[in-house]
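When the letters of the sequence shown are read in order and numbered with the working numbering, they come out as residues 26 to 150. The block underneath contains the structure these notes are about, expressed in structure tokens.
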Amino acid sequence: QEAEVSEKDAQQDYEKMMADASEKRAADSKSITEKSDAKATAEENLQAETEKKAGTTKELMATLEVIQSLHGECDWLLQNYDARKEARSGEVEALTNAKAVLKGADYSLVQRRSVRKSGFLGREQ
Numbered sequence: 026q027e028a029e030v031s032e033k034d035a036q037q038d039y040e041k042m043m044a045d046a047s048e049k050r051a052a053d054s055k056s057i058t059e060k061s062d063a064k065a066t067a068e069e070n071l072q073a074e075t076e077k078k079a080g081t082t083k084e085l086m087a088t089l090e091v092i093q094s095l096h097g098e099c100d101w102l103l104q105n106y107d108a109r110k111e112a113r114s115g116e117v118e119a120l121t122n123a124k125a126v127l128k129g130a131d132y133s134l135v136q137r138r139s140v141r142k143s144g145f146l147g148r149e150q
């Protein structure tokens with residue numbers, strides 16, 4: 026009789042262990058499914074972010090090219106500032122003189138520079 030009780034206890038323990046194992050397998054299976062879904066979502070997000078990064082990198086390169094171009098233009102403007110300033114003042118002076126001529130000033134007697142020419146049409150003889 027003790028053997029029957031022992032066997033019944035063993036059978037109950039076995040059935041309980043099998044039920045627990047079945048529950049654990051179901052929980053593990055559910056966990057694997059959830060983790061697989063999370064992994065797939067993470068991979069999709071990674072792909073989207075990788076594409077976004079590539080686009081942003083292209084935009085950055087274009088911006089850097091524009092900045093480099095502007096830098097070159099600014100350098101040129103700074104290097105040629107004095108020459109441009111002189112040219113502008115010459116233009117302003119020429120426009121002022123032209124305005125004065127149109128108002129009736131006589132610049133025919135004003136000699137800007139002396140040029141010596143000899144012979145016919147300024148040819149040397």
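The beta-carbon is built from N, C-alpha and C at its ideal position, and this holds for glycine as well.
Residue i to residue j span [Cα, whole Å]
i            : j             : result
serine 54    : aspartate 45  : 14 Å
glutamate 76 : glutamate 68  : 12 Å
aspartate 62 : glutamine 37  : 37 Å
threonine 82 : glutamate 90  : 12 Å
serine 94    : alanine 73    : 32 Å
glutamate 98 : isoleucine 92 : 10 Å
leucine 120  : glutamine 104 : 26 Å
histidine 96 : tyrosine 106  : 15 Å
For residue i, three-class secondary structure by DSSP
i              : result
glutamine 72   : helix
glycine 129    : coil
glutamine 93   : helix
asparagine 122 : helix
glutamine 104  : helix
glutamine 26   : coil
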